[in-house]
Amino acid sequence: MKTTRRSFIKISGAGLGAAAIAGSSINWADGSVVNDAIPRAKNLERTPTYCEVCFWKCAGWVTKNEQGDIWKIEGHNDDPHCNGRLCPRGTGGVGMYYDEDRLKTPLIRVEKNGKQVFKEASWAEAFSVIGDKMKKIAKDHGPECVALFTHGSGGAFLGHLMKAYGSPHITAPSFAQCRGPREVAFYSTFGEGVLSPERTDIRDTRCLVLIGSHIGENMHNGQVQEMSEAIDKGATIITVDPRFSTAASKSRYWLPIKPATDLALLLSWIHVIINEGWYDKEYVERHTFGLDQLKAHVASYTPEWAYGITTIEPKVIRETAKEMANASPAVIVHPGRHVTWYGDDTQRLRAVAILNALLGSWGRRGGFYNPDKVAIPSFPHPPYPKPQKSYLNALQGKYSLATEVISNGLCDVTTPSPQNDCNIKGWIVNGTNLIQTLPDQKQTLKAIESLEMLVVIDTMPMEITGYADVILPECTYLERYDSIRNSPHREPVISLRMPAVKPKYNSKPDWWIAQQLGFELGLDDFFKFKNIEEVLDWQLKQVGSSLAEMQKLGVKKMKREYNDLYMPEGVDYPFNTNTGKIELYSTEMANAGFPPMPVFTEHPQPPAGFYRLNYGRTPQHTFSRTANNANLLDIMPENELWINPKVAKLLGITQGQYVWLKNQDDVVSTFSIKARVTERIRWDSVYMAHGFGHSNKKLSRAFGRGASDTEMITNVMLDPVMGGTGMRGNFVTILTENPQTEAAS
Amino acid sequence: MRYAMAIDTKKCVGCSDCVVACQLENNVPIGYCRDWVVESTSGTYPNLETEYRSERCHHCSNAPCVRCCPTGASHIAEGGVVLVTQDKCIGCGACIASCPYDARYPHPDGYVDKCTFCIHKVRKGEQPACVQVCPTNCLYFGDLDDPNSEVSKKIKERKYKRLKTEAGTDPQLYFLI
Chain A
1 MKTTRRSFIK ISGAGLGAAA IAGSSINWAD GSVVNDAIPR AKNLERTPTY
51 CEVCFWKCAG WVTKNEQGDI WKIEGHNDDP HCNGRLCPRG TGGVGMYYDE
101 DRLKTPLIRV EKNGKQVFKE ASWAEAFSVI GDKMKKIAKD HGPECVALFT
151 HGSGGAFLGH LMKAYGSPHI TAPSFAQCRG PREVAFYSTF GEGVLSPERT
201 DIRDTRCLVL IGSHIGENMH NGQVQEMSEA IDKGATIITV DPRFSTAASK
251 SRYWLPIKPA TDLALLLSWI HVIINEGWYD KEYVERHTFG LDQLKAHVAS
301 YTPEWAYGIT TIEPKVIRET AKEMANASPA VIVHPGRHVT WYGDDTQRLR
351 AVAILNALLG SWGRRGGFYN PDKVAIPSFP HPPYPKPQKS YLNALQGKYS
401 LATEVISNGL CDVTTPSPQN DCNIKGWIVN GTNLIQTLPD QKQTLKAIES
451 LEMLVVIDTM PMEITGYADV ILPECTYLER YDSIRNSPHR EPVISLRMPA
501 VKPKYNSKPD WWIAQQLGFE LGLDDFFKFK NIEEVLDWQL KQVGSSLAEM
551 QKLGVKKMKR EYNDLYMPEG VDYPFNTNTG KIELYSTEMA NAGFPPMPVF
601 TEHPQPPAGF YRLNYGRTPQ HTFSRTANNA NLLDIMPENE LWINPKVAKL
651 LGITQGQYVW LKNQDDVVST FSIKARVTER IRWDSVYMAH GFGHSNKKLS
701 RAFGRGASDT EMITNVMLDP VMGGTGMRGN FVTILTENPQ TEAAS
Chain B
1001 MRYAMAIDTK KCVGCSDCVV ACQLENNVPI GYCRDWVVES TSGTYPNLET
1051 EYRSERCHHC SNAPCVRCCP TGASHIAEGG VVLVTQDKCI GCGACIASCP
1101 YDARYPHPDG YVDKCTFCIH KVRKGEQPAC VQVCPTNCLY FGDLDDPNSE
1151 VSKKIKERKY KRLKTEAGTD PQLYFLI
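What follows is the structure in structure tokens.
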């Protein structure tokens, strides 16, 4: 087979049809004599949905205007994810539907006059191309050599397709680029993960400790709401962050830690709590394993030792430890969510888990509750074929405690190597812009270059779509059914998404795409349903509801099977670990050859003239997914580079000036970024929101706005325990002159 | 009846959800807004304070915009809510110039537009869109003449500030601090 020179193709707009302009059909000024700019809403139709702008998946109602098009989306009062209040992105989700830059019809990469271009195609043509490629890969290499990268609800049906086809390689970047280390750390300690939504009982906590977690800027709705409730109730908030985050500004204690030293602080907190006898003695004695080993292990980790490393004064370390102990067990040392920082992240999160165990917060009110969810059976299908090989063979035992497929691991084994018999040959990418998601873009592009097939299923042209062989336009969540949202919470709760309107353009839902591809591959037996309504109705009837009922209710809360939201007091409880106890000393880690208790390792600090690149979330956007959304762009059009005034003065940078970044590997940012000179950041680091600096010109609003942090992340520190990609060890210099102009002259 | 709003700056995270919800509810064109978020930071690292607050028309009891309106388009409606009658507005902009809070904007359709406290929703017994949507529940709307309304209770319980009271406008936004 001819190797593809996979040049980036800008999707041609010609012939794609004129788009309806957002909002043009909504016009409330009805010309009456006295109109106080007041909408005169009649009885407008509303349909239930759950949001797809981020993974929190809040349930809501979509209301249509008098013209029958989408007007607004509001939160569902019965949904514990949002309690009737969507976040800005959910409210602005409307913009995703109206976006005139959406993918409108299937596109196939073809060669024309020696140039690669996308040709508009019918769905049948597109399926036939994909079907042929998938059959060929299955025949030549095995079906295991096709991988699915997915983030979002479409993953359920596409995942089913992959398993029916015979591939176990289904991955979401949310594991190895985000929350993986905390799940693995909590599994090793408590035998259970933190899950999503997090099982943190913030509304009833008396002390919330945030370590680099910027709730309020990360708009994980339920948590933001509960933090606000905790503030109302007078809970103590302790925030550890080198940046004066929004959460820090709401906190009783802000610990402006030197970046990359968090583990030292955690270990000294453990030291203080054990040595002062401030831990929950009855709980620790009854439920935990390894206190003596832990005590010996942390003996040298005194606050005075940590002071030299973290710059946090010993007095403050002791005082905050006391605050936690006073609130115990209604205390949460929050595990965070995006925790792939320095490559020793599982160990850092182990320290967080241990601290919670000592404070007795796991399974206690105001700490971590025990979530419950409904068991919804799968729609009947034949047994999946058993995969014959796995990418793990190629990893030769590395990352042995990973509990999910490692996306960057799949990316690595896509690049051919002699020792690897499971090279991935085909990618199906759904709802995740891998170019802006996986660190080390060079590596990602190298892997893409080796592929025989790259299919992208998305609603928007993204950076990744430019590299696709076939692009399939998915309709937005407002135009489709999806699988039932079934999330673990205080009460089991299910939620329905149904189309508010017909899909715009020639876009289609994922369930249909998966089914049609199934037919193309001869997997008809796995897709024996007329439509998704049949699947949903069957599934809902198994759990005491029905599609008709859910169309009316939107959200249904179920009863917990047992009264076990919190652990029973004063009795033994079987934990799902090797010892049946909460493992302060992890036998699982020891057996796998990792330190059984977290050991502090020093991470490099930026050399002179360089600043650590920190990045994070902003309440107005989700990853790189929403940058082109007109409603959200209106409230945040670009990201800014936070620079301490001392640094700005040194470099002669003024407020609002556009600057460029150059990292330790001489990678220069494609676009400039606006300087935000602020006291809210330390002098040794800079900060920017993730998800900007789009280079696909088809994103007519987002193109070239702000800079991409991912582009600057070329130094990746891999977590040996689970393969997470530590991304906070990149150092940048700030350029005030346009480097491109310089290079061009 | 005296409608007012209290904004809890201790809870506001500055997410701008109030802005998006208002834009959609009231069909405010993209690029314009009836409400907005202000962030103010004081101090030097690491001794800092940051305040977020959601702002909009203060629905002043002594409203300069109403006094200076040559056509009577700007007027005070029930509960002291300051409104603009679109068809009477000639877009002269006197009100925009007179507002100490910069709460009004010229709508591209030729009239001046501003926050209405979502009076169309309030009349139906609902909350303004910004109040209804706020994820941190930091906005309280209600009748100050009713001592049991949430806004009355908040103002009684908490310390608050009002903005630019020196302008003599008697503004009806109360920022809880």
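Protein chains in written order, with the numbering used here: chain A, 1 to 745; chain B, 1001 to 1177.
We treat Cβ as the ideally placed atom computed from N, Cα and C, and that holds for glycine.
All figures in this text were calculated on a predicted structure; none of them were measured in a lab.
I'd like to check one pair, residue j with residue i: are the Cβ atoms closer than 7 Å?
i: Ile532 (chain A); j: Trp511 (chain A); result: yes
i: Glu217 (chain A); j: Arg203 (chain A); result: no
i: Leu86 (chain A); j: Cys54 (chain A); result: no
i: Thr746 (chain A); j: Ala447 (chain A); result: Residue 746 (chain A) cannot be examined here, being either before or after the span of chain A that is shown, 1 to 745.
i: Ile464 (chain A); j: Val429 (chain A); result: yes
i: Cys1060 (chain B); j: Ser1074 (chain B); result: no
i: Lys1121 (chain B); j: Ser228 (chain A); result: no
i: Phe1141 (chain B); j: Lys1161 (chain B); result: no
i: His151 (chain A); j: Thr432 (chain A); result: yes
i: Thr346 (chain A); j: Val721 (chain A); result: yes
i: Lys1114 (chain B); j: Arg1053 (chain B); result: no
i: Arg182 (chain A); j: Leu349 (chain A); result: yes
Mapping the DSSP letters down to three states, classify residue i as helix, strand or coil.
i: Asp1170 (chain B); result: coil
i: Ala172 (chain A); result: coil
i: Ala156 (chain A); result: helix
i: Gly60 (chain A); result: strand
i: Lys557 (chain A); result: strand
i: Ser1054 (chain B); result: strand
i: Ala147 (chain A); result: strand
i: Asn1047 (chain B); result: strand
i: Phe1175 (chain B); result: strand
i: Gly616 (chain A); result: strand
What's the C-alpha gap between residue i and residue j?
i: Asp1017 (chain B); j: Ile457 (chain A); result: 29 Å
i: Ala20 (chain A); j: Arg1158 (chain B); result: Caution is warranted here: a pLDDT of 32 is assigned to Ala20 (chain A), below 50, making its placement in the model unreliable, and the coordinate value is therefore given only provisionally. Near 48 Å, if we compare the C-alpha coordinates of Arg1158 (chain B) and Ala20 (chain A).
i: Pro259 (chain A); j: His287 (chain A); result: 34 Å
i: Ala248 (chain A); j: Leu451 (chain A); result: 45 Å
i: Leu392 (chain A); j: Gln419 (chain A); result: 12 Å
i: Ala1070 (chain B); j: Cys1099 (chain B); result: According to the sequence as given, residue 1070 (chain B) is Pro; it is not Ala. Looking at the two C-alpha atoms, the distance is approximately 15 Å.
i: Tyr333 (chain A); j: Asp1170 (chain B); result: The residue asked about is misnamed: residue 333 (chain A) is Val in this sequence, not Tyr. Their Cα atoms are separated by approximately 45 Å.
i: Val1084 (chain B); j: Phe1117 (chain B); result: 12 Å
i: Pro256 (chain A); j: Phe379 (chain A); result: 51 Å
i: Ala235 (chain A); j: Val716 (chain A); result: 37 Å
i: Arg337 (chain A); j: Ala176 (chain A); result: 11 Å
i: Val339 (chain A); j: Thr105 (chain A); result: 37 Å
i: Ile1177 (chain B); j: Thr246 (chain A); result: 16 Å
i: Ala330 (chain A); j: Val599 (chain A); result: 27 Å
i: Pro168 (chain A); j: Gly409 (chain A); result: 13 Å
i: Asp99 (chain A); j: Thr476 (chain A); result: 10 Å
i: Tyr1101 (chain B); j: Met636 (chain A); result: 22 Å
i: Asn576 (chain A); j: Gly570 (chain A); result: 19 Å
i: Lys504 (chain A); j: Glu479 (chain A); result: 8 Å
i: Val284 (chain A); j: Val677 (chain A); result: 47 Å
i: Leu1048 (chain B); j: Ile681 (chain A); result: 11 Å
What whole-angstrom Cβ distance do residue i and residue j have, given they're in contact under 8 Å?
i: Gly180 (chain A); j: Gly724 (chain A); result: 5 Å
i: Asn663 (chain A); j: Met712 (chain A); result: 5 Å
i: Ser669 (chain A); j: Gly693 (chain A); result: 7 Å
i: His76 (chain A); j: Gly60 (chain A); result: 5 Å
The ligand FMN and residue i: does any heavy atom of the ligand fall closer than 6 Å to the residue's C-beta?
i: Gly1125 (chain B); result: This structure simply doesn't include the ligand FMN, nor any ligand for that matter.
Original post:
For the region 661-690 of chain A, which residues have a beta carbon sitting closer than 8 Å to at least one beta carbon of chain B?
Top reply: Taking a C-beta cut-off of 8 Å against chain B, the contacting residues of the region 661-690 of chain A are Thr678, Glu679, Arg680, Ile681, Arg682 and Trp683, listed in chain order.
Original post:
Of all the residues that make up the region 1015-1032 of chain B, which are near chain A by a beta-carbon distance shorter than 8 Å?
Top reply: From the region 1015-1032 of chain B, only Cys1015, Ser1016, Asp1017, Val1019, Val1020, Ala1021, Gln1023, Leu1024, Glu1025, Asn1026, Asn1027, Pro1029, Ile1030 and Gly1031 have a Cβ closer than 8 Å to chain A.
Subject >> Residues within the region 1001-1016 of chain B neighbouring chain A, beta-carbon criterion of under 7 Å >> reply: The region 1001-1016 of chain B vs chain A, Cβ under 7 Å: Lys1010, Lys1011, Val1013, Gly1014, Cys1015 and Ser1016.
**OP:** Anything in the region 614-638 of chain A with a Cβ closer than 7 Å to a Cβ of chain B? List those residues in chain order, please.
**Re:** If the cut-off is 7 Å between Cβ atoms, the region 614-638 of chain A has Pro619, Gln620, Ala630, Asn631, Asp634 and Ile635 near chain B.
Subject >> the region 406-427 of chain A: positions lying closer than 9 Å to chain B by Cβ >> reply: Of all residues in the region 406-427 of chain A, none has a C-beta nearer than 9 Å to a C-beta of chain B.
Subject >> Residues within the region 1113-1134 of chain B neighbouring chain A, beta-carbon criterion of under 7 Å >> reply: Close to chain A, meaning a Cβ-Cβ distance shorter than 7 Å, are the following residues of the region 1113-1134 of chain B: Asp1113, Thr1116, Ile1119, His1120, Val1133 and Cys1134.
Original post:
Just by C-beta distance, which residues in the region 1132-1154 of chain B are closer than 9 Å to chain A?
Top reply: So the close ones are Gln1132, Val1133, Cys1134, Pro1135, Thr1136, Asn1137 and Cys1138.
Original post:
What residues from the region 212-231 of chain A come within 7 Å of chain B, judged by C-beta to C-beta, listed N to C?
Top reply: Residues of the region 212-231 of chain A with a C-beta less than 7 Å from any C-beta of chain B: Gly216, Met219, Asn221, Val224, Gln225, Ser228 and Ile231, listed in chain order.
**OP:** Identify each residue in the region 1035-1049 of chain B for which the Cβ-Cβ distance to at least one residue of chain A is less than 8 Å, and report them in chain order.
**Re:** So the close ones are Thr1041, Gly1043, Thr1044, Tyr1045, Pro1046, Leu1048 and Glu1049.
**OP:** Can you give me, in chain order, the residues of the region 77-94 of chain A that have a beta carbon less than 7 Å from any beta carbon in chain B?
**Re:** Interface annotation for the region 77-94 of chain A against chain B: Arg85, Leu86, Cys87, Pro88, Thr91, Gly92 and Val94, criterion Cβ-Cβ distance under 7 Å.
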